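Take a look at the structure below.
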């Protein structure tokens, strides 16, 4: 009997269970955004009428094993239209759901009497923030694999007909389904790095392991990858999260109750951890806040997941929507760190989505000196073929990734598409890429002045396709009035890329505006373009030779040593200049020759540097000030140098983010010159007579109007963004922003060494008053510390997301000059400002 029970009973039970086992089946699939092909993370996948379900992972994948009789599978996610699909009985199925986006809105939430339970959870999150925040760790490192894709979106189904661009959409576009618009992939990159973080002093270092880029517009678009990688290091335990140049209030902020409404909507198990699901909704439109959902662990009150959005109400230029999604797990040190991050930035017809996978979180023990360089490059440039990347990447490429690579490669083989992509790239960077060489910038191709007439300029530069270590940049120019060819040439050599050690040679024969900033120190393309239409004839013909050596001495501190030879010859109908070349006042000449040894430095604490080929771009992810200084020594008697002088300068600039109020930025500078110099070689305050406004100049001052050998300047800008205009109903949709500036200059001129000649008061003056024909030489005005120059402005920017119109008022030094003309006290100027 016992033997019978042991053999027959299990067989009977198996027969009884067989109908149910036969019905057990597996379902797996993926959930995508139908408009962007973006994976939808944390979407709810469920069987209607049953309590069985799961959620998608960061890549939008799900898997579900069911042993119940179900005929459909439903998928839902906040901000999307729900969708259901029929199930077949007893077979394995692979399904793809393409959800149509909806406006993100708060679904119905039941509010019970008494304290909001979400507030009680939030207080416990605050109490445990310090413990859960990874920033409390003295030091840690983590491997990060990021994958970024950029798509263009077809503007409508009619776009699929005719035109080169539309043919590209029809031939190479991707679609979630036949009802969705076509998406054209133009960029994909993969990057593998080790991120290192130090708490005190606050430092970070990125060790680049491998990177590869496939791009339609630019074969080397690493700067995009670097920017996205660094911009994706979000920490929602901090009270504010910086995105572009804005500080958004974190849902976990200790002041969150002032900005958000919180609702407890569910509690569930996620990866074996029980969590509370909290919905967060902005209290007011116009605040810099998020909308979405956060999941909080029930025991540690650490973040388990988050899915947050910024919409059009965030007033970000060029971006309609930003979605941030993260999944967290407990790691070494007792904190929770992201296991993955997904970011989507969606504009009208272009969008970017980035996925990051984090692995190998470790408490590290590096010396502080390890962090002296913010970026560490591999010893050998590692492009890596597909086989290498199959081993490097922690997750394989999916079918969508492979389709993107195939489409980009296909478009790069079409000459017409490649040419159009080059034009787009030129419109952004200013240069047209010919492979190893680039032509531009197109903004400086033409201008007009009374000395040169119609000026035509063609510039060029090399890139890494020509040489990784050598760089050549130059231009040729010709004027129709003076019929003179001009040129400029710079040759640079990288000596050590990690410390950005470079040596170079510059030669130039060209014209230069009086008071112009040396473009070697500030290569502002827009500023050069604006001043080229300044309407001044106060120009000098310049011959220049320069040698320099530049190096980062330590993190953020760049120093430059230079030797310069420069010859000035004033030209132009309203620039009549001369000086006494000897103490006896027997020799009058206008040409000036100087030899100068210079030492300059700039300190950007906490700045992150991105490299675009052989160009480095500093980006500050903090509010720390940037300091600068320089010393120049005039070498009299050396290679024709006619003057001995000492020039000192110091400066500081900073942008301070003010949350919803906007931002405040300032630039404060001081310059002192010891020595005897003709006035064009002293400090000629930066002026602007162009119809275009320019930064860090006095926009109501005439060129060469004020000269000093001891001066201080202050430029103050207060951007209110949309704080005021977003509250005006009919104006709000235009996303206009208000801005105000204050510009001030004060100083003096040592008349005994550098002043005008005057028979009664200053017979030993450096400058004669009249030439041999009795014509007065060009004059200037002098400031003093008690009566500074002052101008203010107010205006509206973000017109069509790019342009700015500004009204300027000159508030001091309004007396007539030596010719009897009064300076303008009011002016309107326009400009272009690119800001998110």
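In the numbering used here, the protein residues as written are 1144 to 1979.
Cβ coordinates follow ideal geometry from the N, Cα and C atoms, glycine included.
These numbers come from a predicted model, not from an experiment.
Between the C-alpha atoms of residue 1380 and residue 1276 there is a straight-line separation of about 6 Å. The way I'd put it, the region 1167-1176 does touch the region 1216-1227; three or more beta-carbon pairs between them come closer than 8 Å. Inclusion of residue 1352 and residue 1514 in the CB contact set at 8 Å is not warranted, their separation being larger than that value. Scanning 1337, 1883, 1329, 1578 for the CA closest to the CA of residue 1358 turns up 1329.
Residue 1273 sits exposed, since fewer than 16 C-beta atoms from the chains shown fall within 10 Å of its C-beta.
Around the CB of residue 1799, fewer than 16 other CB atoms lie within 10 Å, so the residue is classed as exposed. Remark: C-beta atoms of residue 1690 and residue 1648 approach each other more closely than 8 Å. Residue 1652 has 1630, 1686 as its beta-bridge partners, per DSSP.
Within the region 1543-1625, the complete beta strand (DSSP E) segments at least 3 residues long are 1580-1582, 1589-1592, 1596-1605, 1613-1622, listed from N- to C-terminus.
Around the beta carbon of residue 1878, 16 or more other beta carbons lie within 10 angstroms, which makes this residue buried. For the 8 Å CB-CB criterion, residue 1812 and residue 1855 form a contact. Apart from sequence neighbours up to five positions away, the residues of its chain that approach residue 1452 with a beta-carbon distance below 6 Å are 1247, 1434, 1435, 1466, ordered along the chain.
In terms of Cα proximity to residue 1410, the closest of 1419, 1404, 1850 is 1419. Unbroken beta strand (DSSP E) stretches of 3 residues or longer found wholly inside the region 1736-1812: 1750-1755, 1758-1763, 1769-1777, 1788-1800, given in chain order.
Around the beta-carbon of residue 1816, 16 or more other beta-carbon atoms lie within 10 Å, marking it buried.
In the same chain as residue 1595, and ignoring 5 residues on each side of it, the C-beta atoms closer than 7 Å to its own belong to 1622, 1624, 1625, 1654, in chain order. The C-alpha of residue 1958 lies about 32 Å from the C-alpha of residue 1796. Checking the DSSP bridge columns, you'll see residue 1948 partnered with 1939, 1973.
Assignment of beta-bridge partners to residue 1920 by DSSP yields no partner.
With fewer than 16 other beta carbons inside 10 angstroms of its own, residue 1727 counts as exposed. If you draw a straight line from the Cα of residue 1916 to the Cα of residue 1925, it is about 26 Å long.
In the three-state reduction of the DSSP assignment, residue 1848 falls in the coil class. For residue 1691, the secondary structure class from DSSP, reduced to helix, strand or coil, is strand.
Distances from the CA of residue 1549 to each of 1400, 1967, 1331 were compared; the closest alpha carbon is that of 1331. Residue 1266: member of the alpha helix (DSSP H) spanning 1260-1270, first to last residue. With contact defined as three or more Cβ pairs closer than 8 Å, the region 1462-1477 and the region 1499-1513 are in contact. Look at residue 1457 here: in three-state DSSP terms it is helix. Residue nearest to residue 1264 within the set 1867, 1953, 1399 is 1399 (criterion: CA-CA distance).
Less than 8 Å divides the Cβ of residue 1746 from the Cβ of residue 1770.
Of the residues 1701, 1704, 1710, 1703, the one whose Cα lies closest to the Cα of residue 1688 is 1710. Residue 1866 and residue 1971 have their C-alpha atoms spaced approximately 23 Å apart. Boundaries of the beta strand (DSSP E) around residue 1390: 1389-1392.
Residue 1824 is positioned such that its CB atom lies no closer than 8 Å to that of residue 1885.
Annotation: the continuous alpha helix (DSSP H) that includes residue 1874 extends over 1872-1875. The alpha-carbon of residue 1850 is positioned some 19 Å away from that of residue 1794. If you draw a 10 Å sphere on the C-beta of residue 1534, you find fewer than 16 other C-beta atoms in it, and that means exposed.
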